[in-house]
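**Q** For any residue, its number in the numbering used here is found by taking its place in the sequence shown, counting from 1, and adding 1406.
Heads up, the beta-carbon is just placed ideally off N, CA and C, and yes, glycines get one too.
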Amino acid sequence: MKPSTLDPRTKLVLAFTAAVILGSLDQWLILLVIAGVIWGVTFPLNLVTSWFKFFRGLGPAVFGFFAIAWLAFDFYTALVSGLRLLTLGTVFFLFFHTTSPKDLSNALVRMGLPYAFSFVLTVSMEFIPVLARRAANVRDAQRARGIPVGVGWKGLRYLPALLGPLLIQSFKLADEMAEALEARGFGSPGHRRGREKRFLALDWLIVSMSLAGLLAFFLLRLP
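(1) What is the rounded straight-line gap between the Cα of Thr-1496 and the Cα of Ala-1467?
(2) Since Ser-1506 is in the alpha helix (DSSP H), which residue starts that stretch and which ends it?
(3) With distances taken between CB atoms, is the gap from Leu-1620 to Thr-1416 smaller than 8 angstroms?
(4) Return the first residue and the last residue of the alpha helix (DSSP H) that Phe-1469 is part of.
(5) DSSP state of Met-1583, grouped into three classes?
(6) If you draw a straight line from the C-alpha of Phe-1479 to the C-alpha of Arg-1539, how long is it?
(7) Can you check which of these residues, Ala-1425, Arg-1604, Leu-1485, is closest to Ala-1513 by C-alpha distance?
(8) Return the Cβ separation of Leu-1489 and Trp-1445 in integer angstroms, given the expectation that the two are a contact with Cβ distance under 8 angstroms.
(9) Just reading off the alpha helix (DSSP H) that Arg-1590 is part of, what are its end residues?
(10) Among Ile-1574, Tyr-1564, Ser-1506, Leu-1565, which one has its Cα closest to the Cα of Leu-1537?
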């Protein structure tokens, strides 16, 4: 997780502004330029290596989406769709790698969202990597037993051998978390203390520019 001076709400506005604009663009050259600019942001943040690891998972989805769109429509539509998915993935890659779940949760609470909703979001973000590691451990253990879990199409028949232990571990993890929360009095009334980020002048400037840019984008697209 790379530190960032921007408020999480500012980065959230930036991410969703970019998502709306990217979802509305249909010129492949503009999408390619934007993708290059956004990818260039990974250099000053020292996230280039992390991005390539992320692309190992995103890449097959992009190429698969490209192939399906090409078969269903045409090459141009497939190219635009693939670039759009790649750029959107990079935008939210940057967002989640520069924003800690705790800071995002606190920001959402200050925006008026219920604390329980923010907590669920935080837990989801925290435990997705945990479950991914547990899934990898289960897969390796089953392969050591000679069960070809996840190896090609034939491995699909052995999918229950992966999902069964993983579901059991997930339920145990949820039960342990519930007991820990109950022991700590989760949900009881009281003042919650914690470090809070404040909206600075830079945050207001970036949010204003983002919203103004979004408005200008849609005004320019009007016939």
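**A** In this structure, then:
(1) For the purposes of this step, residue 1496 is taken as residue 90 along the sequence shown, with counting starting at 1. For the purposes of this step, residue 1467 is taken as residue 61 along the sequence shown, with counting starting at 1. Cα atoms of Thr-1496 and Ala-1467: separation of roughly 13 angstroms, rounded to the nearest angstrom.
(2) Start at 1 with the first residue of the sequence shown, and residue 1506 comes out as number 100. Unbroken run through Ser-1506: none, as it is neither H nor E.
(3) Here residue 1620 refers to the residue found at position 214 of the sequence shown. Here residue 1416 refers to the residue found at position 10 of the sequence shown. The criterion of a C-beta distance shorter than 8 angstroms is not satisfied by Leu-1620 and Thr-1416.
(4) Here the question's residue 1469 lines up with position 63 in the sequence shown. Per DSSP, the continuous alpha helix (DSSP H) segment holding Phe-1469 begins and ends at 1454-1478.
(5) The sequence position of residue 1583 within the sequence shown is 177, counting from 1. Of the three classes helix, strand and coil, the one that applies to Met-1583 here is helix, per DSSP.
(6) Within the sequence shown, the letter at position 73 stands for residue 1479. Within the sequence shown, the letter at position 133 stands for residue 1539. In a straight line, the C-alpha of Phe-1479 is about 38 angstroms away from that of Arg-1539.
(7) The residue you call residue 1513 lines up with position 107 of the sequence shown. Of the candidates Ala-1425, Arg-1604, Leu-1485, Arg-1604 places its Cα closest to the Cα of Ala-1513.
(8) Here residue 1489 corresponds to residue number 83 of the sequence shown, with the count starting at 1. Here residue 1445 corresponds to residue number 39 of the sequence shown, with the count starting at 1. Under the criterion of beta carbons closer than 8 angstroms, Leu-1489 and Trp-1445 do not qualify as touching, at roughly 12 angstroms.
(9) As a working mapping, residue 1590 is identified with position 184 in the sequence shown. That residue, Arg-1590, is in no alpha helix (DSSP H); it is neither H nor E in DSSP.
(10) Working through the sequence shown from its first residue, we reach residue 1537 at position 131. Checking every option, the nearest Cα to that of Leu-1537 belongs to Ile-1574.
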